[in-house]
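Worksheet: one structure, shown below.
Number of protein chains: 2
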Amino acid sequence: MPQYANNPDRKTWLTVPENSDFPIQNIPFGVFLTKEDVITIGTRIGDFAIDMGALQQLGYFDDLGLPDDMFLQDSLNDFIAYGKKTWRQVRNRLSDLFEINNPTLRDNEEQRKIVIFHVHDVEMLLPVQIGDYTDFYSSKEHATNVGKMFRDPENALLPNWLHIPVGYHGRSSTIIPSGVPVHRPLGQTLPADATTPVFGPSKLVDFELEMAFITTDANVMGEPVPIHEAEDYIFGMVLFNDWSARDIQKWEYVPLGPFLAKNFASSISPWIVIMDALEPFRVASPAQNPQPLPYLQQEGNHAFDIHLEVALQPENSTETVISRSNFKYMYWTMAQQLAHHTINGCRVNSGDMMGSGTISGPTEDSFGSMLELTWGGKNPLRLSDGSERKFIQDNDTVILRGYCQNERVRIGFGECSSKLLPAVSFNV
Amino acid sequence: MPQYANNPDRKTWLTVPENSDFPIQNIPFGVFLTKEDVITIGTRIGDFAIDMGALQQLGYFDDLGLPDDMFLQDSLNDFIAYGKKTWRQVRNRLSDLFEINNPTLRDNEEQRKIVIFHVHDVEMLLPVQIGDYTDFYSSKEHATNVGKMFRDPENALLPNWLHIPVGYHGRSSTIIPSGVPVHRPLGQTLPADATTPVFGPSKLVDFELEMAFITTDANVMGEPVPIHEAEDYIFGMVLFNDWSARDIQKWEYVPLGPFLAKNFASSISPWIVIMDALEPFRVASPAQNPQPLPYLQQEGNHAFDIHLEVALQPENSTETVISRSNFKYMYWTMAQQLAHHTINGCRVNSGDMMGSGTISGPTEDSFGSMLELTWGGKNPLRLSDGSERKFIQDNDTVILRGYCQNERVRIGFGECSSKLLPAVSFNV
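One line per chain: the protein sequences are A and B, in this order. The first sequence begins at 0 in numbering that gives the first Met the number 0 and counts up by one. The second sequence begins at 0 in numbering that gives the first Met the number 0 and counts up by one.
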């Protein structure tokens with residue numbers, strides 16, 4: 000099927016601001032609530048949210064063989080389960096409908112009123128009902144930084160790291176869309192030089208700059224997904240802030256891994272950019288040495304050149320960009336992650352989410368967490384308002400942004416923004 | 000509300016075999032498929048599976064204010080979300096309906112044909128759609144055994160263990176009901192004295208004797224569940240076999256915990272025994288020293304005296320009971336686990352599942368895994384057919400059983416049985 004929705008020469012009859020993340024070449028998918036209390040699946044062009052449930056009721060997808068209520072749902076899971084061919088057909092259809100020379104909807108003011116909203120007039124919801132969520136640990140720079148700080152600076156990477164896309168299971172129930180605030184978590188921590196823990200709000204709340212991909216049904220239980228098929232099961236990507244409480248983490252994580260230090264909240268950007276839209280930004284991933292085992296070997300370009308940045312905005316102040324990184328730095332590719340995840344027969348379903356792990360680049364200003372940016376709090380960051388940060392303070396907002404850019408087109412993810420609220424009061 | 004469904008003097012007009020796990024005092028809940036391809040919620044008395052969807056259509060729950068299709072569903076999640084009062088009303092109603100002197104259904108042969116099936120004529124399905132699954136590590140004997148084997152025999156317990164009900168997230172998508180076989184997983188392992196891993200079937204597949212509890216909606220995100228409320232959010236319990244691949248685990252689990260070594264499969268018993276039915280078997284849990292932090296402190300009896308056993312049955316042979324343990328050995332209670340899980344605001348939903356961790360008792364014949372029973376393979380078990388086992392072999396069936404027993408009544412869980420099939424063939 001021709002990927003004409005990617006044609007950089009296409010223009011739309013909708014007004015799209017310069018440098019928008021959402022030109023007609025993007026066509027991401029999300030779920031939103033309208034002012035009329037309707038929940039629908041939709042897409043976004045420029046600053047307009049487009050109601051795909053309404054479009055379907057108006058007959059615009061009639062020939063695609065989809066259920067009548069495909070887009071009048073509160074999650075994308077069923078649509079995602081239809082697979083890549085359907086995602087592509089629907090994206091092409093939307094591209095056609097909003098193409099500058101197509102009068103069908105453009106010249107039908109009554110329909111436009113029903114279908115098109117300004118993004119400020121809708122509330123973005125979680126786009127998928129997440130079944131299982133896995134977080135990887137696939138940035139070599141991040142794993143090295145953490146190893147240097149907490150283990151042996153001379154042997155920062157653990158022996159398995161170069162052989163395995165290390166990952167662990169996370170909590171689905173606390174993944175929230177951009178805009179929803181997060182409370183500073185309560186928990187147990189071990190004070191320096193103490194032997195018994197204390198209870199209270201975490202003092203070391205951190206963000207983690209990640210991206211996550213969303214899968215379709217990939218296999219039946221017991222059957223591995225071969226690496227050369229793995230990309231077929233990836234629907235799209237979002238920005239992902241894996242909120243972390245470093246002091247809780249330090250006390251709890253040996254031997255079974257992070258638990259309450261991570262599962263109080265993870266924030267995602269609400270528009271899923273599908274892999275077709277990212278295709279022009281495919282690049283080589285870092286060379287892998289030693290060569291991984293055959294089930295993880297792949298040829299060709301499987302990384303994506305996605306510019307990432309993190310901004311920190313104190314209450315009633317302006318933001319400071321505190322990190323600039325890139326998704327292409329990831330040592331392990333998404334295809335390798337998915338092939339590894341299923342090599343033991345683990346079943347992957349429509350709507351599962353897999354995080355990259357913190358994405359740190361090679362330079363100090365490209366690190367993906369406060370832990371690394373301030374080197375464990377030793378080197379505080381100075382913000383544009385003159386204040387300093389070792390970790391995230393109450394009422395700070397953390398904003399992740401990401402976009403791909405070439406000479407012809409920019410495809411972006413919008414924002415993943417979340418404010419850290421003070422801890423709740425809790426009396427035993 | 001009087002808990003008369005627990006009355007040990009109650010008898011039923013159904014035939015119940017002596018020593019059945021499912022007397023009229025049990026009334027567990029499950030989901031099954033009939034020969035007519037109907038999926039329904041049901042209960043079990045003796046060897047009869049009772050179709051609660053059909054009972055509802057016949058009007059037997061009409062006055063309880065439930066949705067018309069409450070029991071004609073493929074999972075218990077919505078029913079569980081109604082909360083403890085509803086669970087109790089429905090259990091009492093079923094107890095009344097099958098009480099020996101109640102003629103309503105007893106003397107209506109036509110209705111009995113529609114409602115009552117022999118358990119051999121139905122297929123048990125997964126009783127809940129599991130949202131998030133957490134596994135704890137709450138047996139002190141198990142944690143000590145593992146610590147002795149893999150870390151320091153003199154300091155077997157890690158410093159956090161006596162302060163925290165240690166837990167980690169697992170994979171929901173591969174939890175399967177009793178009866179479904181499991182393939183030996185493929186994966187990476189590091190041979191002894193090697194520095195690079197090899198690929199192939201795990202050589203050290205193990206079971207883990209656990210129990211798991213299923214929750215109802217417990218909180219909104221951000222709010223801890225106080226420990227004195229925690230038991231209100233526990234619907235019931237099942238037997239849980241957390242299949243594990245020890246060689247994959249050893250290579251992958253540092254620093255983020257077990258992943259592919261565990262997520263290829265976990266098996267559960269299909270009938271959820273609700274906490275009301277277990278109430279007569281409440282006992283004290285082991286003394287906790289040091290005293291836990293206040294948010295984990297509780298008074299009264301919060302353990303349950305549940306006899307557990309594990310049998311191993313080679314292909315075409317008789318079974319051997321290889322472990323006898325008890326759920327009451329658990330150091331941390333379910334209420335403590337749930338209070339800890341939510342202390343950071345983590346949201347717990349209807350249908351979430353939380354495993355106890357391997358339940359080992361104080362004696363060598365009460366250990367809950369082959370790893371411990373054979374002490375890492377050093378002391379093979381001899382089975383009744385004369386063969387030996389260090390770990391689980393292809394085509395072995397592992398059967399967990401559990402029951403409570405006093406002078407008046409026995410409340411049991413039936414079986415959690417699963418056969419280990421050979422690894423699948425996989426060519427990269």
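Cβ atoms here follow ideal geometry from the backbone N, Cα and C, with glycine treated the same way. For clarity, every value in this text was computed on a predicted model and none was experimentally measured.
(message) In this structure, how does DSSP classify B:Arg183 when only helix, strand and coil are distinguished?
(response) coil
(request) Could you have a look at A:Gly375 and say whether DSSP puts it in helix, strand or coil? (result) coil
(message) Would A:Asn405 and A:Pro279 be called neighbours here (beta carbons separated by less than 9 Å)?
(response) yes
(request) Work out the CA separation of A:Asn426 and B:Gln290 for me, nearest whole Å. (result) 18 Å
(request) With a 10 Å radius around its C-beta and 16 neighbouring C-beta atoms as the bar for buried, classify B:Pro190 as buried or exposed. (result) exposed
(request) Would you kindly report the start and end of the unbroken beta strand (DSSP E) that includes B:Pro200? (result) 197-200
(message) Give me the chain A residues within the contact set of B:Glu222, using Cβ-Cβ distance strictly less than 7 Å, ordered along the chain.
(response) Val423
(request) Please determine, among B:Gly82, B:Arg381, B:Gly52, the residue with the shortest C-alpha to C-alpha distance to B:Leu93. (result) B:Gly52
(message) Counting only Cβ pairs nearer than 7 Å, list the residues of chain A close to B:Gln72.
(response) Simply none; closest approach about 17 Å.
(message) Between A:Gln296 and chain B, is any beta-carbon pair separated by less than 9 Å?
(response) At least one chain B Cβ lies under 9 Å of A:Gln296.
(message) For A:Thr85, list the residues DSSP reports as bridge partners.
(response) Looking at the DSSP assignment, A:Thr85 forms no beta bridge with any residue, so it has no partner.
(request) Please confirm whether A:Leu125 and A:Ser201 have their CB atoms less than 9 Å apart. (result) no
(message) Tell me whether the region 222-241 of chain B and the region 96-113 of chain B touch, counting them as touching only if at least three CB pairs, one residue from each stretch, are closer than 8 Å.
(response) Of all C-beta pairs linking the region 222-241 of chain B to the region 96-113 of chain B, fewer than three are shorter than 8 Å, placing the two stretches out of contact.
(request) At 9 Å on the CB atoms, spell out the chain A contacts of B:Leu185, in chain order. (result) Pro223, Tyr294, Ile342, Asn343, Gly344
(message) Rounding to the nearest angstrom, what Cα-Cα distance links B:Glu363 and B:Tyr402 in this structure?
(response) 21 Å
(request) Kindly indicate if chain A contains any beta-carbon less than 9 Å away from that of B:Tyr167. (result) Chain A contact via Cβ: present.
(message) Tell me the residue span of the alpha helix (DSSP H) that contains A:Asp134.
(response) Segment 132-135 is the beta strand (DSSP E) holding A:Asp134; no alpha helix (DSSP H) there.
(message) Under DSSP, the alpha helix (DSSP H) around A:Val114 begins and ends at which residues?
(response) 108-114
(request) Determine the contact status of A:Val197 and B:Leu161, defining contact as a CB-CB distance below 9 Å. (result) no
(request) Could you list the residues in the region 126-149 of chain B with a C-beta less than 7 Å from some C-beta on chain A, going in chain order? (result) Gly130, Asp131, Tyr136
(request) Report the residues of the region 247-258 of chain A with a CB closer than 9 Å to any CB of chain B, ordered along the chain. (result) Ile247, Trp250, Glu251, Tyr252, Val253, Pro254, Leu255, Gly256, Pro257, Phe258
(request) Would you identify the three-state DSSP class for B:Leu32, choosing helix, strand or coil? (result) Looking at B:Leu32 - three-state DSSP - the assignment turns out to be strand.
(request) Tell me where the alpha helix (DSSP H) around B:Asp275 begins and ends. (result) 274-277
(request) Measuring only between beta-carbons, confirm whether A:Arg245 sits less than 9 Å from chain B. (result) Chain B, which has no Cβ nearer than 9 Å to the Cβ of A:Arg245, makes this no.
(request) Would you mind telling me which residues of chain B sit closer than 8 Å to A:Ser417, beta carbon to beta carbon, in chain order? (result) In chain order: nothing, as chain B lies at least about 12 Å away.
(request) With 9 Å as the threshold, decide whether the Cβ of A:Leu351 is near any Cβ in chain B. (result) The sequence shown places Asp at residue 351 of chain A, not Leu. A:Asp351 counts as touching chain B.
(request) Using a Cβ cut-off of 7 Å, pull out every chain A residue sitting near B:Arg170, in sequence order please. (result) Residues of chain A passing the Cβ test: Asp131, His168, Cys345.
(message) Within a Cβ cutoff of 7 Å, which residues of the same chain sit near B:Gly199, ignoring the five residues on either side of it in sequence?
(response) Leu185
(request) Decide if the region 307-327 of chain B is in contact with the region 363-377 of chain B; the criterion is three or more beta carbon pairs, one per stretch, under 8 Å apart. (result) yes
(request) At 8 Å on the CB atoms, spell out the chain A contacts of B:Val427, in chain order. (result) Pro225, Ile226, Pro293, Tyr294, Gln296
(message) For B:Phe258, tell me which candidate among B:Ser171, B:Gly41, B:Thr341 has the shortest Cα-Cα distance.
(response) B:Ser171
(request) For chain B, find out if any of its Cβ atoms is closer than 9 Å to the Cβ of A:Ala264; answer yes or no. (result) At a cut-off of 9 Å between C-beta atoms, A:Ala264 counts as an interface residue with respect to chain B.
(message) I need the straight-line Cα distance from B:Asn262 to B:Phe412, nearest angstrom please.
(response) 24 Å
(message) Quick check: the Cα distance between B:Ile174 and B:Ser386, rounded to an integer number of angstroms?
(response) 30 Å
(message) Output needed in chain order: residues of the region 231-244 of chain B with a Cβ under 9 Å from some Cβ in chain A.
(response) Ala244
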